[in-house]
């Protein structure tokens with residue numbers, strides 16, 4: 001019997017840090033961000049649909065998706081972000097479902113469903129337990145500006161495009177507080193694995 005952990009957070013909250021730690025223990029990660037890139041690779045129906053909607057201006061010189069250019073468009077306009085999600089969302093969900101079925105069939109004890117928009121996209125329905133990686137807003141803003149080399153205004157715009165972390169915190173079964181040290185965050189992950197008898 002597989003336990004599916006729905007892992008989420010906000011942009012620059014540290015979700016990837018937790019996901020990497022779980023991967024180091026050998027647990028498989030169904031990563032929505034990786035899948036989101038796969039479904040819009042050159043030659044896919046996803047990229048053709050995006051190009052049709054947003055124009056070929058979103059492509060790089062070699063025909064790939066210019067993610068920075070697309071980001072500038074959709075994070076400045078909620079309507080266009082919704083159109084992007086309407087195209088990519090079903091494609092991502094299909095691949096996620098395929099991977100979950102295969103991993104459950106293989107008898108994996110823990111499967112990590114790593115989805116930034118876990119609650120927004122109702123992916124919690126696929127999970128047995130949900131975990132949010134939480135940081136306060138000031139820390140989140142500082143980390144995003146430093147990581148993506150964004151102005152405060154651009155970083156706030158991206159944070160505002162997602163549900164507030166406090167709302168996700170209230171919905172999650174498990175909260176990992178990432179306001180403190182890396183060691184403290186890692187210990188919370190170990191505590192979760194121990195609770196479910198999954199420590200390796």
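Residue numbers (full-length UniProt numbering): 1 to 200.
Don't be surprised by glycine CBs; every beta carbon is placed ideally from N, CA and C.
Note that the coordinates shown come from a computational prediction; the quantities given were computed from them, not determined experimentally.
Of the residues the options, the one placed nearest residue i, counting alpha carbons only
i	options	result
residue 73	36, 63, 84	84
residue 39	4, 193, 88, 153	88
residue 11	113, 143, 185	143
residue 14	183, 197, 104	183
residue 78	160, 196, 173, 133	160
residue 46	28, 16, 90, 6	90
Residue i versus residue j - alpha carbon distance
i	j	result
residue 194	residue 56	50 Å
residue 162	residue 154	14 Å
residue 65	residue 44	11 Å
residue 167	residue 132	10 Å
residue 204	residue 125	Since the displayed the chain opens at 1 and closes at 200, residue 204 lies outside it and no answer follows.
residue 164	residue 27	28 Å
residue 95	residue 191	30 Å
Residue i, buried or exposed, once every other Cβ within 10 Å from all chains shown has been counted against 16
i	result
residue 42	exposed
residue 24	exposed
residue 36	buried
residue 189	buried
is_contact[residue i, chain D] using C-beta, thresh 8 Å
i	result
residue 35	Protein chain content of the structure displayed is limited to a single chain, and chain D is not contained in it.
What alpha helix (DSSP H) runs, 4 residues minimum, are completely inside the segment 51 to 102?
Counting whole runs of 4 or more residues, the segment 51 to 102 contains the alpha helix (DSSP H) stretches 67 to 74.
What beta strand (DSSP E) runs, 3 residues minimum, are completely inside the segment 5 to 42?
As far as the segment 5 to 42 is concerned, its whole beta strand (DSSP E) runs of at least 3 residues are 29 to 31.
Is it the case that the segment 15 to 35 contacts the segment 103 to 117, given that we only count it when at least three CB pairs across the two stretches are under 8 Å? yes
Margin query: Report the start-end ranges of each alpha helix (DSSP H) in the segment 91 to 174 that is 4 residues or longer and not cut off at the edges.
Written below: Whole alpha helix (DSSP H) segments, 4+ residues: 137 to 148, 152 to 160, 165 to 171.
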